[in-house]
Amino acid sequence: MKIYTELTQKVTVITKNATPYDVDGNKGITYRLVVMKDNDVEKIKVVDEKAYNMFQPGQEYLLTGEFDIRNARCGEWKVNGFKK
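Here you go:
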């Protein structure tokens, strides 16, 4: 089951990065945003390239995101867009 959420406070995107990986035959790219709120800085995963490309460093966003719940386990929260 997917749970969709949205933040109630804006964050500033400091930078974003796309890191390729190749682990045990699985290849892909991990997309991340580095965001700041007050004096806290966090790296947050982004669901896909389309969502990743919507963000620009130096801009403020009200993030939206999602996480999976399977077999009573909660997955990592990932950004899927933003509210205007």
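Residue numbering for the sequence shown follows this note's numbering, beginning at 86 and increasing consecutively.
Here a beta-carbon is modelled for each residue, glycine too, at the ideal position from N, C-alpha and C.
query	result
Bridge-paired residues (DSSP) for LYS95	Note: LYS95 sits in no beta bridge, so no partner.
Range of the contiguous alpha helix (DSSP H) that encloses LYS135	134–137
Residue range of the beta strand (DSSP E) that includes LYS169	No beta strand (DSSP E) contains LYS169, which DSSP labels as neither H nor E.
VAL119 versus GLY160: straight-line alpha-carbon distance, rounded	19 Å
Backbone secondary structure at ALA103 - three-state DSSP	strand
Status (buried if at least 16 other CB within 10 Å, exposed otherwise) for ASN156	exposed
Simplified DSSP state of GLY150, which is helix, strand or coil	strand
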